[in-house]
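**Student:**
Residue numbers (the working numbering), protein chains in the order written: chain E, 1 to 191; chain R, 192 to 382.
(1) So what's residue 320 (chain R) in DSSP terms, helix, strand or just coil?
(2) Between residue 277 (chain R) and chain E, is the shortest Cβ-Cβ distance under 8 Å, so that the two count as touching?
(3) Below 7 Å CB to CB, which residues in the same chain sit around residue 343 (chain R) once its five sequence neighbours on both sides are set aside?
(4) Got a sec: is the Cβ-Cβ distance from residue 306 (chain R) to anything in chain E below 8 Å?
(5) In three-state terms, what does DSSP make of residue 94 (chain E)?
(6) Please tell me whether residue 348 (chain R) and residue 241 (chain R) are closer than 8 Å, where the distance is taken between their beta carbons.
(7) Output, in chain order, the set of chain R residues within a Cβ distance shorter than 7 Å of residue 158 (chain E).
(8) Is residue 297 (chain R) close to chain E, meaning its C-beta is less than 8 Å from at least one C-beta of that chain?
(9) Give every residue of the same chain whose Cβ lies closer than 8 Å to the Cβ of residue 379 (chain R), excluding the five residues on either side of it in the sequence, and list them in chain order.
(10) Please report the straight-line C-alpha distance between residue 196 (chain R) and residue 287 (chain R), rounded to a whole angstrom.
(11) Short of 7 Å in beta carbon distance, which residues of its chain neighbour residue 106 (chain E), apart from the five on each side in sequence? Order them along the chain.
(12) To the nearest angstrom, how far is it from the Cα of residue 172 (chain E) to the Cα of residue 250 (chain R)?
(13) If you draw a straight line from the C-alpha of residue 230 (chain R) to the C-alpha of residue 101 (chain E), how long is it?
(14) Within 10 angstroms of the Cβ of residue 322 (chain R), are there 16 or more other Cβ atoms? Answer buried if so, exposed if not.
(15) Identify the contact partners of residue 125 (chain E) in chain R, using a Cβ-Cβ distance below 8 Å as the criterion.
(16) Alpha carbon to alpha carbon, what distance is there between residue 135 (chain E) and residue 129 (chain E)?
(17) Is there a Cβ of chain R sitting closer than 8 Å to that of residue 183 (chain E), yes or no?
(18) List, from N- to C-terminal side, the alpha helix (DSSP H) runs of 4 residues or more that fit wholly inside the segment 304-360 of chain R.
(19) Please state the DSSP three-state secondary structure of residue 371 (chain R).
(20) Provide the residue span of the alpha helix (DSSP H) that contains residue 250 (chain R), from first to last.
(21) Considering only the alpha carbon of each residue, which of R:235, R:261, R:368, R:354 lies closest to residue 193 (chain R)?
(22) Does any CB atom of chain E fall closer than 8 Å to the CB of residue 367 (chain R)?
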């Protein structure tokens, strides 16, 4: 499907605000792809699809996850986490996206995970730092993203986990695996 | 083994400072056991043994963990975590402790885990709030422990995870499982 028709399809499935966020994530992802020698086309596709399931009914999302035999741990966490794997399934089954890396970038854009590919990191980071986002420390994340994807990912996952823990919210195990692995890469002393 | 001889054995395996900590944890655990209808004898045994492996050589601890086919994830975390499962193995193999609940209280006193027994929680909390400990918020934890073991455990594991994340230190997966489960019990909104 060509980009303009795909954008119309996506726009129809979400609010205007959310669609504008998707377009900003897409622009951010394309820029970062260019400077990091990642396929701009793959970055664009993953970014366009990343929130495609965001406005689906909770029960429809649950049905899709159950049918697809997805990670059952998801069901004991808030359904906010579900739209990412559901989005990957929709991109594959309704839009014929078969590139595993694009699908994983959609699938893990909310939680992160251990052993993320460069494209997965790119989408995770772009979703967090797109120009519409605003939270303490975001300028530092944007600066890091412009310099080094790896350093930016470490700071983004730390920021996410810290935000959740500070408000006493649950942390999905994949996110802690991602957090721990990025510390290990830096050689930080453990515990 | 009677308590006095056991204490001598334990004292010989650690520094004076550490042994004094063990005695304070033991007194704290016995008091909390009495008010929470938990066996005072089990609380005393678990507390006395909890740090028995703290001063063992790292290589000896690694050997014991490998021989006992312990959780391999431990080896990619700091060896500070190892003394807890190693202590449980020593209590069983060298001192003949066969009570599974006592052994688990020793084993999980550093990380916590999901589905902790009352005795496991008691030891985890006592280790954290014994009179020699001093950190911001400890008085609140002591107050909660005097009132309700469950609330105290939720605050203790939150405090531990928050401390680690704030200093960008790794968090063992069992600790996040414990943290998530205690939030669920309170019905906190997830993510």
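Ideal placement from N, C-alpha and C gives every residue a C-beta, glycine not left out.
**Tutor:** Reading off the structure:
(1) Here residue 320 (chain R) refers to the residue found at position 129 of the second chain. Helix at residue 320 (chain R).
(2) The residue labelled residue 277 (chain R) in the question sits at position 86 within the second chain. Chain E, which has no Cβ nearer than 8 Å to the Cβ of residue 277 (chain R), makes this no.
(3) Sequence index remark: in the second chain, residue 343 (chain R) carries index 152 (1-based). 316, 332, 335, 336.
(4) Mapped onto the second chain, residue 306 (chain R) falls at position 115. Chain E contact via Cβ: absent.
(5) In the first chain, the residue the question calls residue 94 (chain E) occupies position 94. Residue state, collapsed to three classes: coil.
(6) Stepping through the second chain from its first residue, residue 348 (chain R) is reached at position 157. Stepping through the second chain from its first residue, residue 241 (chain R) is reached at position 50. Contact: no.
(7) Against the first chain, residue 158 (chain E) aligns to sequence position 158. What residue 158 (chain E) touches in chain R: 359.
(8) In the second chain, counting from the first residue as 1, residue 297 (chain R) sits at position 106. Taking Cβ atoms only, chain E never reaches closer than 8 Å to residue 297 (chain R), which makes this a no.
(9) Residue 379 (chain R) sits at position 188 when you count from the first residue of the second chain. A caution first: residue 379 (chain R) carries a pLDDT of 47, below 50, which makes its placement in the model unreliable, though a value can still be read off. Here the set comprises nothing.
(10) Counting from 1 along the second chain, the entry for residue 196 (chain R) is found at position 5. Counting from 1 along the second chain, the entry for residue 287 (chain R) is found at position 96. Rounded to whole angstroms, residue 196 (chain R) to residue 287 (chain R) spans 14 Å at the Cα level.
(11) The residue you call residue 106 (chain E) lines up with position 106 of the first chain. These residues qualify, in order along the chain: 46, 49, 50, 84, 87, 88, 91.
(12) Taking the first chain and counting its residues from 1, the one referred to as residue 172 (chain E) is at position 172. Taking the second chain and counting its residues from 1, the one referred to as residue 250 (chain R) is at position 59. Computed Cα separation, rounded: 33 Å.
(13) Here residue 230 (chain R) refers to the residue found at position 39 of the second chain. Here residue 101 (chain E) refers to the residue found at position 101 of the first chain. Roughly 54 Å between the two C-alpha positions.
(14) Position 131 of the second chain holds residue 322 (chain R). So residue 322 (chain R) ends up on the exposed side.
(15) Sequence index remark: in the first chain, residue 125 (chain E) carries index 125 (1-based). Those do not exist, as residue 125 (chain E) stays about 18 Å from chain R at its closest Cβ, beyond 8 Å.
(16) Counted from its first residue, the first chain places residue 129 (chain E) at position 129. Counted from its first residue, the first chain places residue 135 (chain E) at position 135. Residue 129 (chain E) and residue 135 (chain E): Cα-Cα distance of roughly 9 Å.
(17) What you label residue 183 (chain E) is simply residue 183 of the first chain in a count that begins at 1. Chain R contact via Cβ: present.
(18) 309-320, 329-338, 340-357
(19) The count along the second chain starts at 1 and reaches residue 371 (chain R) at position 180. Residue 371 (chain R): helix per DSSP, three-state reduction.
(20) Within the second chain, numbered from 1, the residue matching residue 250 (chain R) stands at position 59. Start and end: 249-258.
(21) In the second chain, counting from the first residue as 1, residue 193 (chain R) sits at position 2. Looking at the Cα atoms, R:235 is the closest of the given residues.
(22) Locating residue 367 (chain R) in the second chain gives position 176, counting from the first residue. It does: the Cβ of residue 367 (chain R) has a partner Cβ on chain E nearer than 8 Å.
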